[in-house]
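**Q** For the sequence shown, the positions run 45 to 390 when the working numbering is used.
Ideal placement from N, C-alpha and C gives every residue a C-beta, glycine not left out.
Computed from a prediction, not measured in an experiment: that's the story for all the values here.
Next up is a structure, given as structure tokens.
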Amino acid sequence: MVLARARAVDGPDKPFRFAEIKRRELDEQDVLIEIKFAGICHSDIHTAHGEWGHVHYPLVPGHEIAGLVTAVGPGVTKYKIGDRVGVGCMVDSCGECENCLRGEEQYCLKGNVPTYAGVDKYGEPTQGGYSTHIVVTEDFVVRIPDNIGLDAAAPLLCTGITTYSPLNRWQAGPGKKVAVIGLGGLGHMGVKIAHAMGAEVTVLSQTLSKKEDGLKFGAQHYYATKDPETFKELAGTFDLIINTVSAVINLDAYLGLLKLDGTLVNVGAPGEPLSVNVMSLIGHRRSFAGSMIGGIRETQEMLDFCAEHGIVPNIEVISADQIDEAYERVLASDVRYRFVIDTSTI
Ligand SMILES: [Zn+2]
Ligand SMILES: [Zn+2]
45 MVLARARAVD
55 GPDKPFRFAE
65 IKRRELDEQD
75 VLIEIKFAGI
85 CHSDIHTAHG
95 EWGHVHYPLV
105 PGHEIAGLVT
115 AVGPGVTKYK
125 IGDRVGVGCM
135 VDSCGECENC
145 LRGEEQYCLK
155 GNVPTYAGVD
165 KYGEPTQGGY
175 STHIVVTEDF
185 VVRIPDNIGL
195 DAAAPLLCTG
205 ITTYSPLNRW
215 QAGPGKKVAV
225 IGLGGLGHMG
235 VKIAHAMGAE
245 VTVLSQTLSK
255 KEDGLKFGAQ
265 HYYATKDPET
275 FKELAGTFDL
285 IINTVSAVIN
295 LDAYLGLLKL
305 DGTLVNVGAP
315 GEPLSVNVMS
325 LIGHRRSFAG
335 SMIGGIRETQ
345 EMLDFCAEHG
355 IVPNIEVISA
365 DQIDEAYERV
375 LASDVRYRFV
385 IDTSTI
């Protein structure tokens with residue numbers, strides 16, 4: 045067993061505090077990872093604040109994990125001590141259902157085991173990456189390519205795969221017009237990846253305040269959605285729209301921007317239901333879809349793609365004492381574009 049240093053919260057309104065947590069003894073297929081960096085995802089904030097249902101406190105969030113292998117179980121074949129590795133939003137699944145067998149473990153029919161706020165196969169609550177060490181079965185560990193720094197790699201494990209997966213599935217590429225709604229942590233990766241795939245990329249943001257950034261990330265066009273003219277001008281334009289925003293949007297207005305057979309994919313998860321006028325779909329055989337992270341095989345593919353194309357997220361590295369402040373800044377949209385905790389400061 046390893047005692048890891050961590051930062052935990054004790055309740056919805058409580059600040060982060062230092063904690064020591066136990067990481068299990070290495071099982072046959074387990075890998076012990078010394079965490080170097082952990083990204084702060086908006087999901088961490090929702091969960092820490094108890095907004096997504098009952099949570100077992102104390103809670104250590106964090107599912108954007110990058111570090112080094114420091115020990116391996118006797119049956120481990122994929123990793124050795126010193127390897128640069130990552131862990132994303134899940135740490136296990138049944139491995140036997142139809143979806144797991146397809147490599148889509150995130151959609152495991154028995155439910156995947158989330159990296160934190162879940163329960164593992166030993167019946168223990170899972171604790172995430174705001175800590176110095178974690179033990180994960182090797183099948184849920186991915187390899188971080190040498191040319192991506194561990195600090196920049198961390199956010200790819202959630203924001204990278206969340207945007208890569210739908211762009212890949214709906215075939216963003218040369219000749220395709222792709223729009224990304226929202227230029228936050230997810231949106232900025234969506235723009236970079238869609239651009240690298242060869243698509244013509246448009247950002248749809250509330251205002252033009254981040255236009256310069258959006259164009260730097262690879263967007264060719266940038267429109268303010270506060271301006272009603274935008275929806276007239278862009279009617280019937282896009283093959284694919286990725287919605288990274290978690291707020292309620294006027295779905296019909298955005299569906300109207302799709303061309304024949306176009307698809308609007310939600311990766312943001314609003315707390316309230318969205319309503320849709322079915323006419324917005326049947327008029328041009330449009331689809332409204334959702335997508336949640338990606339499987340382990342696809343996560344590795346995403347990391348290799350980012351390495352090959354030199355794509356990394358824009359990050360601001362913080363110390364463990366700054367987590368509460370970082371949460372406030374994320375909620376105020378005052379981050380460009382991802383906070384990453386240097387876990388050596390825990
Ligand atoms: Zn996340
Ligand atoms: Zn399964």
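What are the complete beta strand (DSSP E) segments, minimum 3 residues, inside the segment 82-126?
**A** Segments of the beta strand (DSSP E) lying fully in the segment 82-126: 109-116.
**Q** Taking L308 as part of the beta strand (DSSP E), name the residues at either end of that continuous run.
**A** Locating residue 308 in the sequence shown gives position 264, where the first residue counts as 1. Counting along the chain, the beta strand (DSSP E) containing L308 begins and ends at 302-310.
**Q** Would you kindly work out how many angstroms separate the C-alpha atoms of L153 and N143, rounded to a whole number?
**A** The count along the sequence shown starts at 1 and reaches residue 153 at position 109. The count along the sequence shown starts at 1 and reaches residue 143 at position 99. Distance between the alpha carbons of L153 and N143 is about 7 Å.
**Q** Which residue or residues does DSSP assign as beta-bridge partners of N287?
**A** Counting from one through the sequence shown, the residue named residue 287 turns up at place 243. I225, N310, per the DSSP bridge assignment.
**Q** Out of G94, I65, A63, E108, state which residue places its alpha-carbon closest to the alpha-carbon of A82.
**A** Sequence index remark: in the sequence shown, residue 82 carries index 38 (1-based). That would be E108, whose Cα lies nearest to the Cα of A82.
**Q** What residue range does the alpha helix (DSSP H) around A196 cover?
**A** Mapped onto the sequence shown, residue 196 falls at position 152. Element bounds for A196: 194-199.
**Q** Can you tell me whether DSSP reads M134 as helix, strand or coil?
**A** Here residue 134 is taken as the residue at index 90 of the sequence shown, counted from 1. Of the three classes helix, strand and coil, the one that applies to M134 here is strand, per DSSP.
**Q** Can you list the alpha helix (DSSP H) stretches of 4 or more residues lying completely in the segment 328-388, in chain order?
**A** Counting whole runs of 4 or more residues, the segment 328-388 contains the alpha helix (DSSP H) stretches 340-353, 367-375.
**Q** Determine the contact status of G312 and V289, defining contact as a CB-CB distance below 8 Å.
**A** Taking the first residue of the sequence shown as 1, we reach residue 312 at position 268. Taking the first residue of the sequence shown as 1, we reach residue 289 at position 245. Contact flag set, yes.
**Q** Is it a yes or a no for the segment 218-228 touching the segment 239-258, going by three-plus beta-carbon pairs under 8 Å?
**A** With a cut-off of 8 Å, the segment 239-258 and the segment 218-228 count as touching, because enough Cβ pairs lie within range.
**Q** Which residues mark the beginning and the end of the alpha helix (DSSP H) in which I65 is found?
**A** As a working mapping, residue 65 is identified with position 21 in the sequence shown. Premise fails: I65 lies in the beta strand (DSSP E), 61-67, not in any alpha helix (DSSP H).
**Q** Give me the Cα-Cα distance between G300 and S87, rounded to the nearest whole angstrom.
**A** Numbered from 1 along the sequence shown, position 256 holds the residue referred to as residue 300. Numbered from 1 along the sequence shown, position 43 holds the residue referred to as residue 87. If you take the alpha carbons of G300 and S87, they lie about 29 Å apart.
**Q** Report yes if the C-beta of Q342 is less than 7 Å from at least one heavy atom of ligand 2; otherwise report no.
**A** Within the sequence shown, residue 342 is the residue found at index 298, counting from 1. According to the sequence as given, residue 342 is Glu; it is not Gln. No, the Cβ of E342 stays beyond 7 Å of every heavy atom of ligand 2.
**Q** Grouping DSSP H, G and I as helix and E and B as strand, with all else coil, what is T181?
**A** Within the sequence shown, numbered from 1, the residue matching residue 181 stands at position 137. Strand.
**Q** Ends of the beta strand (DSSP E) at S249?
**A** Walking along the sequence shown from the start, residue 249 turns up at place 205. Segment 244-249, the beta strand (DSSP E) holding S249.
**Q** Does the beta carbon of C350 fall short of 7 Å from some heavy atom of ligand 1?
**A** Mapped onto the sequence shown, residue 350 falls at position 306. C350 Cβ: outside cutoff for every heavy atom of ligand 1.
**Q** Between H140 and ligand 2, is the CB less than 7 Å from at least one heavy atom?
**A** Walking along the sequence shown from the start, residue 140 turns up at place 96. According to the sequence shown, residue 140 is Glu rather than His. Result yes, Cβ under 7 Å from ligand 2.
**Q** How should E149 be labelled, buried or exposed, when 16 other C-beta atoms within 10 angstroms of its C-beta is the threshold for buried?
**A** Taking the first residue of the sequence shown as position 1, residue 149 is located at position 105. Classification for E149: buried.
**Q** What are the partner residues of L47, as DSSP defines its beta bridges?
**A** In the sequence shown, counting from the first residue as 1, residue 47 sits at position 3. K66, per the DSSP bridge assignment.
**Q** Taking all protein chains shown into account, do 16 or more other C-beta atoms lie within 10 angstroms of the C-beta of R341, making it buried, or fewer, making it exposed?
**A** By 1-based counting over the sequence shown, the position of residue 341 is 297. Exposed.
**Q** Within the continuous alpha helix (DSSP H) that includes A297, where are the two ends?
**A** Stepping through the sequence shown from its first residue, residue 297 is reached at position 253. First-last of the alpha helix (DSSP H) with A297: 295-299.
**Q** Report the residue from G231, L112, R213, D183 whose alpha carbon sits nearest the alpha carbon of E72.
**A** Counting from one through the sequence shown, the residue named residue 72 turns up at place 28. Closest option to E72, Cα to Cα, is D183.
**Q** Excluding sequence positions up to five away, which residues of its chain have a Cβ less than 6 Å from the Cβ of F332?
**A** Residue numbering aside, residue 332 sits at position 288 when the sequence shown is read from its first letter. Result list for F332: L308, in chain order.
**Q** Using only CA atoms, which one of I326, I359, I286 lies nearest to S335?
**A** The residue you call residue 335 lines up with position 291 of the sequence shown. It is I286 whose Cα lies nearest to the Cα of S335.
**Q** Nearer than 7 Å: is that true of the beta carbon of H107 relative to any heavy atom of ligand 3?
**A** Ligand 3 is not part of this structure, which contains only ligand 1 and ligand 2.
**Q** Output the residues surrounding ligand 1, defined as those with a CB atom closer than 5 Å to any ligand heavy atom, in chain order.
**A** Residues flagged by the Cβ proximity filter: C85, S87, C202.
**Q** Who are the near neighbours of G94 in its chain, counting only those whose CB is closer than 8 Å to its CB and skipping five residues on each side?
**A** The residue given as residue 94 occupies position 50 in the sequence shown. Result list for G94: G55, P56, in chain order.
**Q** Can the beta-carbon of S253 be found less than 8 Å from the beta-carbon of T269?
**A** By 1-based counting over the sequence shown, the position of residue 253 is 209. By 1-based counting over the sequence shown, the position of residue 269 is 225. Cβ distance not < 8 Å, so S253 and T269 don't count as in contact.
**Q** Which two residues bound the contiguous beta strand (DSSP E) that contains Y267?
**A** Against the sequence shown, residue 267 aligns to sequence position 223. It spans 265-268 - the beta strand (DSSP E) in which Y267 sits, taken as one unbroken run.
**Q** Quick one: is K80 buried, meaning 16 or more other Cβ sit within 10 Å of its Cβ, or exposed?
**A** If you number the sequence shown from 1, residue 80 lands on position 36. By the neighbour-count rule (16 or more Cβ atoms within 10 Å), K80 is buried.
**Q** Please go through the same chain and pick out, in chain order, the residues whose beta-carbon is closer than 7 Å to the beta-carbon of E69, but skip the five residues on each side of it.
**A** Numbered from 1 along the sequence shown, position 25 holds the residue referred to as residue 69. Here the set comprises M45.
**Q** On the DSSP letters alone, give me the boundaries of the alpha helix (DSSP H) that L252 sits inside.
**A** Within the sequence shown, residue 252 is the residue found at index 208, counting from 1. First-last for L252: undefined, no H or E at that position.
**Q** Do V356 and I178 have their CB atoms nearer than 8 Å?
**A** Here residue 356 corresponds to residue number 312 of the sequence shown, with the count starting at 1. Here residue 178 corresponds to residue number 134 of the sequence shown, with the count starting at 1. Contact flag unset, no.
**Q** Using a Cβ distance threshold of 8 Å, determine whether the segment 343-355 contacts the segment 323-330, with at least three qualifying pairs required.
**A** Because the criterion of three Cβ pairs below 8 Å is not met, the segment 343-355 and the segment 323-330 do not touch.
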